[in-house]
Each structure stands twice: as C-alpha cells, then as structure tokens.
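For the sequence shown, our numbering begins at 1 and goes up steadily by one. Just so you know, even glycine gets a beta-carbon here, dropped at the ideal spot from N, CA and C.
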Amino acid sequence: MTSPFHDIAQVAAQVAVLLLALLHVYILVLEMFLWERPQGRKAFGLTPEFAAATKVLAANQGLYNGFLAAGLFWGLWLGEAGRPVQVFFLLCVLVAGLYGAATASRRILFVQAVPATLALALVWLAR
Numbered sequence: 001m002t003s004p005f006h007d008i009a010q011v012a013a014q015v016a017v018l019l020l021a022l023l024h025v026y027i028l029v030l031e032m033f034l035w036e037r038p039q040g041r042k043a044f045g046l047t048p049e050f051a052a053a054t055k056v057l058a059a060n061q062g063l064y065n066g067f068l069a070a071g072l073f074w075g076l077w078l079g080e081a082g083r084p085v086q087v088f089f090l091l092c093v094l095v096a097g098l099y100g101a102a103t104a105s106r107r108i109l110f111v112q113a114v115p116a117t118l119a120l121a122l123v124w125l126a127r
C-alpha cells in the first residue's frame, strides 16, 4: 500500500516529465518548421537573414530535441519500469540546458535546465 504523498509525487513526476516532453516537441516544431517564420524568429530573436543562413543547423538541432521528447515519452509509456529511462533523458535535457545556457543564452537555463531539475527531483521523490 502506498501513502497519499507517494501517489501525489508519482502523479506530479509524470506530469512534469510529460510537460517537459511536450516542451521539446514544441522546440522541435520551432526549430524544424518555423525557424524562418515570424513565430520562430521571435522565439529565438533572429533576423530573417540569420534564420535563412542557419535553417539547416536549426532543423538538425530540432531533430535532437525530438529525440529528447521521444525518450521522455518512452519513459512514461514504460510505467514504473521507465523510471531509469526518464532519469537518463532528464539528465540529457539538464546537460543540454546547462551547455546552452553557458554557450548561447542564459534563458535556456530557465527554459530547459530548471524544468529538467524539477522533474528529476519529482521523479526521485516518487521512487
């Protein structure tokens, strides 16, 4: 029998992982399909010229974000057995967020790294 706290922690962890996966699907769409459009340029603060020159690189990066999302969805789909998968992909998101914050924009810290850290903490609490 589980405690109400454990049940709440499990639901919170699943919701956090799901939201992070959905965020990465959104980033995939921005980077792969909307990079040169106003929504994509606004999201990343790009000029039309820079967006055009970097669209192939952005699409590649978007694909990697899709892999992160797929891994997080996979971990959720596996249920209890998927916890190690969730932890692995959450750590990947965390590292990507830290690297992006250090090399590209500090905003990435709050968009990727902080949510990944919170999700990791919730997954740990739900164990």
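If you draw a straight line from the C-alpha of Phe67 to the C-alpha of Ala13, how long is it?
So the alpha carbons of these two residues sit roughly 20 Å apart.
Mind listing, in chain order, the continuous alpha helix (DSSP H) runs of no fewer than 4 residues lying wholly within the region 23-68?
Fully contained in the region 23-68 are the following alpha helix (DSSP H) runs of length 4 or more, in chain order: 38-44.
If I follow the unbroken alpha helix (DSSP H) through Arg127, where does it start and stop?
Note, Arg127: premise wrong, no alpha helix (DSSP H); not H, not E.
What does the alpha-carbon distance come out to for the pair Pro84 and Ala51?
The C-alpha of Ala51 is placed about 37 Å away from the C-alpha of Pro84.
When the Cα of Gly75 is compared with those of Asp7, Ala119 and Leu98, which residue comes out closest?
For Gly75, the nearest C-alpha among the options comes from Ala119.
Would you kindly work out how many angstroms separate the C-alpha atoms of Leu109 and Pro4, rounded to a whole number?
Whole-angstrom Cα-Cα distance: 32 Å.
Using three-state DSSP, classify Thr117 as helix, strand or coil.
If DSSP states are grouped into helix, strand and coil, Thr117 belongs with the helices.
Below 6 Å CB to CB, which residues in the same chain sit around Gln10 once its five sequence neighbours on both sides are set aside?
Annotation for Gln10: Ala126 place their beta carbon closer than 6 Å to its own, counting only its chain and skipping 5 residues before and after.
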